[in-house]
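Peer 1: If you use UniProt numbering, the sequence shown closes out at 504, no skipped numbers anywhere.
This is the structure I want to talk about, given as structure tokens.
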Amino acid sequence: MTSSESSAEVNDYWVWGANVMAGAANLPTKMYINGAWCDAQGGTTLAVINPADESTIAEVAFGTRADADRAIEAATRAFPAWRDASAYDRAKILKKTAELMRERVEVIARTLTQEQGKPFPEAKAEVLHSADTFEWFAEEGKRSYGRTIPPANVAKRHYVIKHAVGVVGTITPWNFPAALPSRKIAPALAVGCTVVSRAADQTPLTLIQMFQCLEDAGLPPGVANLVMGEARPIADAFFESQAVRKISFTGSTAVGKELIRRSADGVKRLSLELGGHAPLIVFPDADIEQVAQAAVIGKFRNNGQVCIAPSRFYVHEKVSKQFTEIAVELTKKLKLGNGLEDGVQVGPMFEARALDKTSALIEDARGRGAKILTGGARSDRFDKGYWFEPTVIREVDGQMRIMTEEPFAPVMPLLDFSKLDDVIAAANNTPYGLAAYVFTNDLTIATRMAEGLEAGIIGINDPVPATPQCPFGGMKESGLGRELGQEGLEAYQETKYVSVGLRA
């Protein structure tokens, strides 16, 4: 490519970006297979809907098993050369990808808000977090070490080396369309794997733009491929291909269990980040006003549609009344609206189905004696879109659906407790174990909670603990393996032990 051609492509991008910022509906809509943007083989498309007003943002290519097979073939051909490239060469491309995402953050974040619904500042923060993930794994990929092991027999030498696992299939949901794919794609590419990524039906446009950054950063053809299409046929392609050695999935526990069963035939390696039901526990020595603010932010960001969002709030009886009053007032003040409008703090839910589930959870709780302190219903302030008022409820018991099912909804259930051991038992009384939150200034309490809570992520006085350099994942039915951190890199590697016998 000549410099003038390269310059023309950059100019084309910024012309397109300006149109996106102006609201023009000419977003990129194709799949990316073997270094080329392409339609589905059958020519089929799928409408992407803005949850704020139910308008169609774009029609994207929507493929079949045949498109997934083509992408797997491309990734298989590209794997040997990418695996054998130096970690430094791979890092240059990943780091350039991060730079491009930061340069284009306004455009990508606007697209993310349009197709997913979260407020623009949240979308922007997500894109920047995703860029940080690419940059961190670019650097961490250079530090993927083996080790030498002292032999018991002096005539031998032992060492361990790490190899890329192979072709990786990734499947991600709609609630974080930039952050969740980046946690899979960046470490896989950093260690020398090639990737086939399936975008969520509701939010493919953000991932398309991330792939544009990868392409513009110089990623070789076939190394990373993007497909859109029905989940089951694409999963079939992943499981039935001998070339695909690992599948990384974020989504529901029910689907995760099905993937575990399906992985048996090919002994596929899996990384699973599944459902959660995170407790948030408030002790009386904490600054209650600050904790209430943190709790409201943690609960209602992305309208409660966050896998690690706190969903059960245990407040010590000594401060329960104060916490409740502050939390209710803060919740009432939250501005609900289109995420592209200034000052909006809570956007729409992602689809009508989510509204129906949230309404059902509230009605179940109300029928069992829960008291609605604020919210509790669909918003009537909008003609179209999927709107639910941020809700706080009390008089909650463990038999309510809001306490037994992963809610994924803008509902804050409040419960009292008095004893540390009792609240640990209550918090652990769930099949989930993804995240837990504790607010206290007492070191002994903090230590006991960190050691006693059954969760893979524990935030002590920290309602938003996820960061690229630290492991992310759950215990029990919340998943297998870890993303991010050193563990997230190792998840895409095989370990080889080599023993060498020396000649006399």
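Idealized CB from N, CA, C, for every residue including glycine.
(1) Starting from the N-terminal side, write out each stretch of the alpha helix (DSSP H) that is 4 residues or longer and does not extend beyond the segment 80-120.
(2) By a C-beta neighbour count over all protein chains shown, 10 Å radius and 16 as the cutoff for buried, is Y145 buried or exposed?
(3) Identify the continuous beta strand (DSSP E) that holds G501 and give its terminal residues.
(4) Since I171 contacts Q114 with CB under 8 Å, what's their CB separation in whole angstroms?
(5) Whose C-beta lies closer than 7 Å to the C-beta of T2 among residues of the same chain, with five residues either side of it excluded?
(6) Would you call L443 buried or exposed, if buried means 16 or more other Cβ atoms sit within 10 Å of its Cβ?
(7) For A98, which residues from the same chain have a beta carbon less than 6 Å from its beta carbon, with the 5 sequence-adjacent residues on both sides left out?
(8) Is it right to say Q493 is buried, meaning 16 or more other beta carbons lie within 10 angstroms of its own, or is it exposed?
(9) DSSP three-state label for V392, please.
(10) Compute the beta-carbon to beta-carbon distance between I308 and A466, rounded to the nearest angstrom, for a pair I have assumed lies under 8 Å.
(11) Report the three-state DSSP secondary structure of P310 (helix, strand or coil).
(12) Which residue or residues does DSSP assign as beta-bridge partners of A58?
(13) Strictly by DSSP, which residues pair up with V282?
(14) Using beta-carbon positions only, say whether Y386 and M349 come within less than 8 Å of one another.
(15) Thinking just about the alpha-carbon of each residue, which of V191, A200 and P28 is nearest to the one in M228?
(16) Where do the ends of the alpha helix (DSSP H) carrying S263 lie?
(17) Sort out for me which residues DSSP pairs G63 with in a bridge.
(18) So G485 and P471 are supposed to be a Cβ contact under 8 Å. How far apart are they, rounded?
(19) What is the DSSP secondary structure of T29, reduced to helix, strand or coil?
(20) For D380, does the count of other Cβ atoms within 10 angstroms reach 16, so buried, or fall short, so exposed?
(21) Please report how far the alpha carbon of I362 lies from the alpha carbon of A71, in whole angstroms.
(22) If you run the structure through DSSP and keep just helix, strand and coil, what is A22?
(23) Look up I458 in the DSSP assignment and give the residues it is bridged to.
(24) Can G474 and G433 be called in contact, C-beta distance under 8 Å?
(25) Alpha carbon to alpha carbon, how far is A491 from V154? Give it in angstroms, no decimals.
(26) Say whether the segment 262-279 touches the segment 232-242, bearing in mind that this needs 3 or more beta-carbon pairs closer than 8 Å, one atom from each stretch.
(27) Cα-Cα, which of S248, A66, T374 and E215 is closest to E483?
(28) In its own chain, which residues sit with a C-beta less than 7 Å from the C-beta of S499, not counting the 5 before and 5 after it?
(29) Can you tell me the Cα-Cα spacing of V346 and A294, whole angstroms?
(30) In chain order, what are the residue ranges of uninterrupted alpha helix (DSSP H) at least 4 long that sit wholly in the segment 339-427?
(31) Measuring CA to CA, which of A81, A354 and V328 is closest to G222?
(32) Is the beta carbon of H316 closer than 8 Å to that of F417?
(33) Under the three-state reduction of DSSP, which class applies to W136: helix, strand or coil?
(34) Just the C-alpha distance for Y32 and V105, rounded to the nearest angstrom, thanks.
(35) Once the 5 residues before and after V306 are set aside, which same chain residues still bring their CB inside 7 Å of it?
(36) Around the Cβ of I326, are there at least 16 other Cβ atoms within 10 angstroms (buried) or fewer (exposed)?
Peer 2: With the given structure in hand:
(1) 87-103 and 105-116
(2) By one-based count along the sequence shown, residue 145 stands at place 145. Label assigned to Y145: exposed.
(3) Along the sequence shown, read from residue 1 onward, the residue named residue 501 stands at position 501. Following the DSSP letters along the chain, one finds G501 inside the beta strand (DSSP E) bounded by residues Q493 to G501.
(4) Numbered from its first residue, the sequence shown carries residue 171 at position 171. Numbered from its first residue, the sequence shown carries residue 114 at position 114. In fact, because the Cβ distance is near 23 Å, the residues do not count as touching under 8 Å.
(5) For the purposes of this step, residue 2 is identified with residue 2 of the sequence shown, where counting begins at 1. Low local confidence applies: a pLDDT of 42 at T2 is under 50, so the model's placement there is unreliable, and no value is given.
(6) Translated into the one-based positions of the sequence shown, residue 443 becomes position 443. Its Cβ having fewer than 16 others within 10 Å, L443 is exposed.
(7) Counted from its first residue, the sequence shown places residue 98 at position 98. Here the set comprises A131, F134 and E135.
(8) Against the sequence shown, residue 493 aligns to sequence position 493. By the neighbour-count rule (16 or more Cβ atoms within 10 Å), Q493 is buried.
(9) Taking the sequence shown and counting its residues from 1, one reaches residue 392 at position 392. Of the three classes helix, strand and coil, the one that applies to V392 here is strand, per DSSP.
(10) Position 308 of the sequence shown holds residue 308. Position 466 of the sequence shown holds residue 466. With a Cβ gap of about 7 Å, I308 and A466 count as contacting.
(11) In the sequence shown, residue 310 corresponds to position 310, counting from 1. Of the three classes helix, strand and coil, the one that applies to P310 here is strand, per DSSP.
(12) For this step, residue 58 is matched to residue 58 along the sequence shown. Note: A58 is bridge-paired with V48 in the DSSP secondary-structure output.
(13) Indexing the sequence shown from 1 puts residue 282 at position 282. DSSP, once it has assigned bridges, lists V315 and F439 as partnering V282.
(14) For the purposes of this step, residue 386 is taken as the residue at position 386 of the sequence shown. For the purposes of this step, residue 349 is taken as the residue at position 349 of the sequence shown. Yes. Within cutoff.
(15) Position 228 of the sequence shown, counted from the first residue, corresponds to residue 228. With distances taken between Cα atoms, M228 lies closest to A200.
(16) Residue numbering aside, residue 263 sits at position 263 when the sequence shown is read from its first letter. First-last of the alpha helix (DSSP H) with S263: T253 to G266.
(17) The count along the sequence shown starts at 1 and reaches residue 63 at position 63. Among the bridge pairs identified by DSSP, G63 is matched with G229.
(18) Within the sequence shown, numbered from 1, the residue matching residue 485 stands at position 485. Within the sequence shown, numbered from 1, the residue matching residue 471 stands at position 471. Yes, they are in contact, since the Cβ atoms of G485 and P471 sit about 4 Å apart, within 8 Å.
(19) For the purposes of this step, residue 29 is taken as residue 29 along the sequence shown, with counting starting at 1. Here T29 sits in coil by DSSP.
(20) Reading the sequence shown from its first residue, position 380 is the one you call residue 380. By the 10 Å Cβ count, D380 comes out exposed.
(21) Position 362 of the sequence shown holds residue 362. Position 71 of the sequence shown holds residue 71. Whole-angstrom Cα-Cα distance: 43 Å.
(22) Mapped onto the sequence shown, residue 22 falls at position 22. For A22, the pLDDT reaches just 46, beneath the cut-off of 50, and the residue's location in the model is therefore unreliable, although a value from the coordinates is still provided. In this structure, A22 counts as coil in the three-state DSSP scheme.
(23) In the sequence shown, counting from the first residue as 1, residue 458 sits at position 458. Answer by DSSP bridge pairing, in chain order: A436.
(24) Position 474 of the sequence shown holds residue 474. Position 433 of the sequence shown holds residue 433. Closer than 8 Å, so yes.
(25) In the sequence shown, the residue the question calls residue 154 occupies position 154. In the sequence shown, the residue the question calls residue 491 occupies position 491. One C-alpha to the other measures close to 33 Å.
(26) Judged by Cβ distances under 8 Å, the segment 262-279 makes contact with the segment 232-242, as three or more pairs qualify.
(27) Within the sequence shown, the letter at position 483 stands for residue 483. Here the closest residue by C-alpha is S248.
(28) Here residue 499 refers to the residue found at position 499 of the sequence shown. Same-chain partners within the cutoff: K156 and H158.
(29) Position 346 of the sequence shown, counting from 1, holds the residue named residue 346. Position 294 of the sequence shown, counting from 1, holds the residue named residue 294. Distance between the alpha carbons of V346 and A294: 15 Å.
(30) DSSP runs (the alpha helix (DSSP H)) wholly in the segment 339-427: 352-367 and 401-404.
(31) As a first step, residue 222 is located in the sequence shown; it is residue number 222 there, counting from the start. G222 has its Cα closest to that of A81, out of A81, A354 and V328.
(32) As a first step, residue 417 is located in the sequence shown; it is residue number 417 there, counting from the start. As a first step, residue 316 is located in the sequence shown; it is residue number 316 there, counting from the start. Result yes, Cβ atoms of F417 and H316 sit closer than 8 Å.
(33) Start at 1 with the first residue of the sequence shown, and residue 136 comes out as number 136. Reduced to three states, the DSSP call for W136 is helix.
(34) Sequence index remark: in the sequence shown, residue 32 carries index 32 (1-based). Sequence index remark: in the sequence shown, residue 105 carries index 105 (1-based). Distance between the alpha carbons of Y32 and V105: 21 Å.
(35) Here residue 306 refers to the residue found at position 306 when the sequence shown is read from its first residue. Hits under 7 Å: N175.
(36) As a first step, residue 326 must be located in the sequence shown, where it is residue number 326. Flag for I326 reads buried.
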